[in-house]
Each structure stands twice: as C-alpha cells, then as structure tokens.
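Worksheet for the structure shown next.
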Amino acid sequence: MIGSPDEDRLTPALWGTAAILTVGGFLSMFTSTVVTVALGTIAAGFRASLGTAQWIATGYLLALAAMVPVSGWACRRFGTTRVWLGCVGLFAVFSALCAAAPSGEALIAFRVLQGAAGGLLVPAGQILFATMVGPKRLGRMMAVLSVPIYLAPVLGTLAGSVLAERFGVPWLFLVNVPLALLCLLLGRKRLPREGPVDTRPLDWRGLALTVTGLPLLVYGFAEAAPIAAAAGAILLAVFVVTALKSPAPLLDLRLFRDRTFSSAAAVIFGMGIALFGAMIVLPLYYLDVRHESLIATGFLTAPLALGTVLALPLAGRLTDRIGGARVIFAGLIVTIIGTVPLALLTGSDDYWWLSAVQVVRGCGIGLTTTPALATGLVSVPKERISHAMPLFAMLQRIGGSFGTSVLTAVVAARLAAAPGSAAAVAGAHGWIAGITAIVLIPSWLLVRAEMSTKD
C-alpha cells in the first residue's frame, strides 16, 4: 500500500506520482525566471518603461510568496489533490492569458494571478507527497521533488532568451500550457483522491497578516526598501503572537517546540541566505568583472545547479538509510569547501576551474537542503505536515530574500567604489562562507537530537 510508514520499497506507482508532481513543481519555478531575460524586449513591445516591466517578474514572485501560508489550510479544507489539480488548471489558463495580454498592465495582472496559482502548486505537491510516502522513503522522494527548485530557474533563464529571440514573447508563457494540461490529465488519473481533513473556518486574521507581511518582507529585502521590510517584519511578528494564542491558527507555530523541527528550520533559513544570495552574486562576476553576455553567464553559472541535482539522489538515499542530520553536516562542510575558492576570486580565474568549484558547492547544497526538509518532517505527525511544509517554505523564502538583498548591496557598494573589481564579488562569497559556517551550529544540534532519538 502506498504511503504505509513501514514500507521501504519505491513502487512504480510512487515513481509515477513523483513524476507528475515534479513536472507541476517545475512549471512554477521555471516561469519565475523565464521572463526575466526578456524584460527589455517586453517593455519595448508594450512601449512601457523597464521599471514597469520589472513588475512582470516582481508581481509573480510576490504572489508566489503570498500564497505559501495559505497552502496548508487550503489542502486541509478542500483536499490536497483537489487543490493541486485546481492550481495546475488555473496555471494553464493564466499562462494563456499572459500570452494574449493586450497591454503591460494586463500582463502584470495576469502574472500576479499566475503567481498565486504557482504559489499554491509547489507546497500542495510537497504536502501530498510527504503524506503518501512515509518516513522511510521521505528522503529519496523529497529529493525527487527538489529537482525543480534548483534546475528549473537555470533552464528558465536559458530558455527565456531562446524563446524570446526565436519565437516571440508570447511563447515565454505558452510553453507552460501543454505541460500543465499534461499534468492535469495524468493527475486526474493517477493522484489519490482524498477529502477534506479539517473543515474549521479560515483564520482570517492570520491570513491577512501573512499574505501582506510575507510579500512586504520579501519585497523590502529584494528591492532594498527598509520601510516595506520593517512593515512586513512587524506584521509577521504580530502573526506569531496571535497564532500561538489561536486554537485553530493558519499555521501551527507550536511545531517549533520540537528540537528536531526547529533545528531543521534554522538550517533551511540559513541555507536560504547562502544559496539564493550566491545565485545573485556570482552572475555579477561574469557580467561586470569578466564582461560576458547574459546567455554566456547563464551557461557559466549552470554548474551550480548541475552539482545540486547530481547530489540529490545520494542525499535522499543516505537520509533514508542513516538519518538526515549527519548528511546535512557533511553537506555544509562540502558547501564551505566549494565556497572558499570563490572568496578568493581574481579577474583571470580559469572558467573550467570555476565550473568545477561550482559543481562541488552545488553537491554540498544538494546534501544539505533537501535532507534538512526531510529530517524536519520525520518528527511531524502526518496530520500536521500541512502546517510544517508551508513554514519551511516561508523560512526559505525569507532567508533567500534577505541573503539576496544584503549580498547584492555589499557587492554593489564595492563595485561602485571599484568598478570591475573581482574583490567585490570575492568578499561577498567570504560572507557566504561565514554564514554557511554558522549554520553548522543548528546542524550539530540536529545531529545530537537525531542521535538521542535513536538511543
């Protein structure tokens, strides 16, 4: 029986379900970057400013973040499969509407709606799968679902330039439609049918606080807008206070009382800073220091995602076999080893050497983030996974936006003082290595917690 916690075998039916959910998650993450490289072309086509066109990307990302806290309640209230299928269908509809948008303003509106559907799609798929597989298969299966998180943004950047140049801007969005329809067709046949598990009403106060606070915080960090970031932080702090007092909160923050869960959450937050910050910083080296084209930069930074994807299957197997804590600790060490050479960058480093370093760093990330997610979920009862998964996703997004903001500001300030300086990018990677080293602390606490559980 699929989902039995005592079964260790990965059945063909389980692999089929994994494939469907993985493609769905790929759509959401792929679309987050496929438009970015063509913003100038889109702006020219609609005779809009680049600042206005930027909201085509920003609006999607903010909507993506805003829907994460709602995903758990929606899955409990309507059934996870129903939510996932509904979001896939809406994603296809809004993608088609984006392709047919008559103006820049209409495109921004459709992108926000597309982001809302995508924001529910990924956590719903993770919740569905985590409740199906049981703890003995969680590491391997969550590794499969993590592939889109790392691979799709890279492919989106590369595909965006080709689609816009060869086929036109509408195909940046139309490319989603056939894949979404395929997911919808297969999902209706293969995904389990389950009804609502909690019919309690929505925590409207918690909803209002999170869907405004989280996007404000993400926007404030990403755009270096301190007032927005402070407002978002205050709203989320109020949410924490009210959620701890509520008998039926939007997200159950009492999960943090568990030492394993809270340690895994700290790792996920810290790696969000180190991972997403580095994804912004290294391209600046190729663009501003080595003066490469945007497409070339996409290829030169792809080895990071390649290393991560290569390490994920090993990370999943080891997590299920020996527990995730030691895998995470080893992954952090590998990540630091792969980051230190980037902290010593010069303006003439060999590209093959830099690619090899990125593969090593990517392997470390693959051995860290997904095992942290799986390890944190192992201690969570099945009925509370719909609370745990959105919490992890929120922490990763907050960490990522914070890391992106801080590290971009560090590099920008140094490049302004010394244009074309490799030392500016190298210094930022020194910060990243230090942040990763700090994450060793909660990782070690996770090792001790796991060892005490086994004893």
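Using our numbering, you'd call the opening residue of the sequence shown number 17 and step up by one each time.
C-beta: ideal position from N, C-alpha, C; glycine also.
- With respect to the 7 Å criterion, T355 and A438 are not classified as neighbours on the basis of their beta carbons.
- Inside the stretch 115–183, DSSP marks no whole beta strand (DSSP E) run of 3 or more residues.
- A distance below 8 Å between beta-carbons, with the five flanking residues on each side excluded, links L101 to the following residues of its chain, in chain order: L200, G203, R204, L207.
- Its chain contains G323, V350, I353, G354 as the residues whose beta carbon lies nearer than 8 Å to that of V376, once the 5 sequence neighbours on both sides are disregarded; these appear in chain order.
- Note that the C-beta distance between T391 and G340 is below 7 Å.
- A buried status is given to E466, since no fewer than 16 other beta-carbon atoms sit within 10 Å of its beta-carbon.
- Within the stretch 253–338, complete alpha helix (DSSP H) segments of at least 4 residues are found at 275–300, 310–338, given in chain order.
- With distances taken between CA atoms, I454 lies nearest to G288 out of G288, L106, R413, D336.
- If you draw a straight line from the Cα of V427 to the Cα of T74, it comes to about 21 Å.
- The C-alpha of P387 is placed about 14 Å away from the C-alpha of M405.
- L260 counts as exposed, since fewer than 16 other C-beta atoms from the protein chains shown sit within 10 angstroms of its C-beta.
- V234 and D365 have their C-alpha atoms some 34 Å from each other.
- By the neighbour-count definition (other C-beta atoms within 10 Å, threshold 16), S162 is a buried residue.
- For V375, the enclosing alpha helix (DSSP H) covers residues 367–382.
- The three-state secondary structure of E239, taken from DSSP, is coil.
- In the structure shown, the three-state DSSP call for V396 is coil.
- The beta carbon of T96 lies closer than 8 Å to those of A140, I143, L144, T147, E210, S402 in the same chain, with the five residues before and after it left out.
- Residue range 192–206 is occupied by the alpha helix (DSSP H) that includes G203.
- About 6 Å separates the beta carbons of V441 and V297, which is inside the 8 Å limit, making them a contact pair.
- The residues A318, A321, in chain order, have a CB closer than 6 Å to that of V170 in the same chain once the five nearest residues on each side in sequence are set aside.
- For V50, the uninterrupted alpha helix (DSSP H) segment begins and ends at 28–50.
- Just measuring C-alpha positions, the residue of S421, P164, D219 sitting nearest L326 is P164.
- Counting the other CB atoms within 10 Å of its CB gives P194 a total below 16, which places it among the exposed residues.
- Across the structure, R306 and A433 are spaced so that their CA atoms are roughly 17 Å apart.
- L251 is positioned such that its CB atom lies closer than 7 Å to that of L225.
- Annotation for R216: no alpha helix (DSSP H) segment contains it, and DSSP assigns it neither H nor E.
- Between the stretch 44–59 and the stretch 122–137, the count of Cβ pairs shorter than 8 Å is three or higher; the stretches touch.
- A409 counts as buried, since at least 16 other C-beta atoms from the protein chains shown sit within 10 angstroms of its C-beta.
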